[in-house]
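Step one of this worksheet: look at the structure below.
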Amino acid sequence: MTANKNNSVTYFIADLHLAQNRPDITACFLSFLKTDALNAQTLYILGDLFEYWIGDDDDSPFVAEIAQGLKQLADNGTAIYFIHGNRDFLLGKKYAQKAGMILLPEIDTINLHDQKIIIMHGDTLCTQDVGYQKFRKKSRSWWWQAMIKSLPLFVRRKIAEDYRKKSASATAMKSQEIMDVTDSEVVNSLSEHNSLLMIHGHTHRPNIHNVNVNGKQAKRIVLGDWYEQGSWLKFDKNGYQLLNAPLKKKPEHN
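Note that the working numbering has the sequence shown beginning at 78, numbered continuously upward.
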């Protein structure tokens, strides 16, 4: 049975970093899918749904559970769109279909309540993080992805775990300025797409920023991560609001 949809409500989420060692985040997300999102017309997932993604051939019960939760939402009439993040950029058509998600380009525009909106994960805006941008360029190439996907599943899992640890160490050593967006890149993107509203994640700094674009007032909405709470943007005919929900259990430290 299809739920009664509020056709004016759209949700945006990003940076859940779902992982087996954080069942509290998983529980919060699955609850969100069965409550708030169930009554919405559309859900946009703007990257880093997973802490890492090793390939659509991952047959673990964990990723199957997430796919099942998303597919149930899609089957109940909520359209689900997905933009890749820096942690789950290998997520492909096979898993997207299994989860009832529609894959979008890394930067896309949508029209919502008479507003043209740019949506993206947000990592492309962080141009001062030169080391990451070099890795990003390499890891998005067909040859690198083909090489990684050709490795056995257990090897890919080990590589992903090692990269996660190295990434955490590297992030701890970088300044906040380097890890945040470059203002000129934000302005260029808004100007290029003739938009006055941008929604992205990646930086884990939920906020609504004012941006001056060629003398016009624009907005940049940053979605929150899910490390300490559930976090989403509700967008309807009355406007938009950043919301959150507490995690039911304390994080497990490994």
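Heads up, the beta-carbon is just placed ideally off N, CA and C, and yes, glycines get one too.
Using alpha carbons as the reference points, say which of Ile195, Lys148 and Tyr304 lies closest to Arg376.
Only positions 78 to 331 of the chain appear in the structure, and residue 376 is not among them; the question remains open.
Taking 9 angstroms as the threshold (C-beta atoms), are Ile102 and Ala96 in contact?
Within the sequence shown, numbered from 1, the residue matching residue 96 stands at position 19. Within the sequence shown, numbered from 1, the residue matching residue 102 stands at position 25. Yes, Cβ-Cβ distance for Ala96 and Ile102 is below 9 angstroms.
Run through DSSP, which three-state label would Gln205 get?
Along the sequence shown, read from residue 1 onward, the residue named residue 205 stands at position 128. If DSSP states are grouped into helix, strand and coil, Gln205 belongs with coil.
Just grab the DSSP bridge partners of Arg297 for me.
Taking the first residue of the sequence shown as position 1, residue 297 is located at position 220. Its beta-bridge partners are Met275 and His286.
Once DSSP output is grouped into helix, strand and coil, what is the label at Ala65?
Past the edges of the chain, shown from 78 to 331, lies residue 65, and the structure says nothing about it.
Give the range of the alpha helix (DSSP H) segment to which Ala151 is assigned.
Mapped onto the sequence shown, residue 151 falls at position 74. Looking at the DSSP string, the run of the alpha helix (DSSP H) that includes Ala151 is Pro138 to Asp152.
Between the Cα of Ala287 and the Cα atoms of Leu274, Gly177 and Thr280, which residue gives the shortest distance?
Along the sequence shown, read from residue 1 onward, the residue named residue 287 stands at position 210. For clarity, residue 287 is Asn in the given sequence; the question names Ala instead. Of the candidates Leu274, Gly177 and Thr280, the one whose C-alpha sits nearest the C-alpha of Asn287 is Leu274.
Could you tell me if Asp92 is buried or exposed, where buried requires 16 or more neighbouring beta carbons within 10 angstroms of its beta carbon?
The sequence position of residue 92 within the sequence shown is 15, counting from 1. Buried, since its Cβ has 16 or more Cβ neighbours within 10 Å.
Roughly how many whole angstroms lie between the Cα atoms of Lys333 and Trp130?
The requested residue 333 is not part of the displayed model; the chain covers only 78 to 331.
Ignore the nearest five residues each way along the sequence and tell me which others in Pro328's own chain have a CB closer than 7 angstroms to its CB.
Locating residue 328 in the sequence shown gives position 251, where the first residue counts as 1. Annotation note: pLDDT 47 at Pro328 (below 50); position unreliable, coordinate value reported separately. These residues qualify, in order along the chain: Arg99 and Asp101.
Is it buried or exposed for Ile157, if we count other Cβ within 10 angstroms and need 16 for buried?
Here residue 157 corresponds to residue number 80 of the sequence shown, with the count starting at 1. The residue is buried, with at least 16 neighbouring Cβ atoms inside 10 Å.
Using a C-beta cutoff of 9 angstroms, does Ala237 count as contacting chain C?
Here chain C cannot be found, since the structure has a single protein chain.
Report yes or no: do three or more beta-carbon pairs, one from the segment 140-159 and one from the segment 175-187, lie closer than 8 angstroms?
yes
Below 8 angstroms on the Cβ atoms is my guess for His94 versus Phe127; work out the distance and round it to an integer in Å.
Position 17 of the sequence shown, counting from 1, holds the residue named residue 94. Position 50 of the sequence shown, counting from 1, holds the residue named residue 127. Right, their Cβ atoms sit about 7 angstroms apart.
Check whether the Cβ atoms of Leu334 and Gly307 sit closer than 9 angstroms, and answer yes or no.
The requested residue 334 does not occur in the structure, where the chain is confined to residues 78 to 331.
With distances taken from CA atoms, which of Ile187, Val264, Asp125 and Gly199 is nearest Leu168?
Translated into positions along the sequence shown, residue 168 becomes position 91. It is Asp125 whose Cα lies nearest to the Cα of Leu168.
Just how far apart, CA to CA, sit Met111 and Leu150?
For the purposes of this step, residue 111 is identified with residue 34 of the sequence shown, where counting begins at 1. For the purposes of this step, residue 150 is identified with residue 73 of the sequence shown, where counting begins at 1. For clarity, residue 111 is Lys in the given sequence; the question names Met instead. The alpha-carbon of Lys111 is positioned some 7 angstroms away from that of Leu150.
Could you give the residue range of the beta strand (DSSP E) that holds Asp101?
Position 24 of the sequence shown, counting from 1, holds the residue named residue 101. It is not in any beta strand (DSSP E) - Asp101 instead sits in the alpha helix (DSSP H) that spans Pro100 to Lys111.
For Ala114, I'd like the list of residues in its chain whose CB is within less than 7 angstroms of its CB, leaving aside the five on either flank, ordered along the chain.
The count along the sequence shown starts at 1 and reaches residue 114 at position 37. Tyr88, Leu120, Leu150 and Thr155, listed in sequence order.
Quick check on DSSP: helix, strand or coil for Gln97?
One-based indexing of the sequence shown puts residue 97 at position 20. Gln97: coil per DSSP, three-state reduction.
At the level of alpha carbons, what is the spacing between Tyr317 and Asp206?
Looking up residue 317 in the sequence shown gives position 240. Looking up residue 206 in the sequence shown gives position 129. When rounded, the distance between both Cα atoms is 30 angstroms.
So, for His277: in the same chain, excluding its five sequence neighbours on each side, which residues have a beta-carbon less than 6 angstroms away from its beta-carbon?
Here residue 277 corresponds to residue number 200 of the sequence shown, with the count starting at 1. Closer than 6 angstroms at the Cβ level, and outside the excluded window around His277, lie Met197 and Gly199.
Between which two residues does the alpha helix (DSSP H) carrying Asn265 extend?
Counting from one through the sequence shown, the residue named residue 265 turns up at place 188. It spans Asp260 to Glu269 - the alpha helix (DSSP H) in which Asn265 sits, taken as one unbroken run.
Which whole-angstrom value is the C-beta distance of Asp134 and Leu230, which I expect to be below 8 angstroms?
Against the sequence shown, residue 134 aligns to sequence position 57. Against the sequence shown, residue 230 aligns to sequence position 153. The pair is a contact, with the Cβ atoms about 6 angstroms apart (cut-off 8 angstroms).
Quick one: complete alpha helix (DSSP H) runs, 4+ long, within the segment 147-199?
170-176
Exposed or buried, Asp152, counting other C-beta atoms within 10 Å across all chains shown (16 or more means buried)?
Taking the first residue of the sequence shown as position 1, residue 152 is located at position 75. Asp152 should be labelled exposed.
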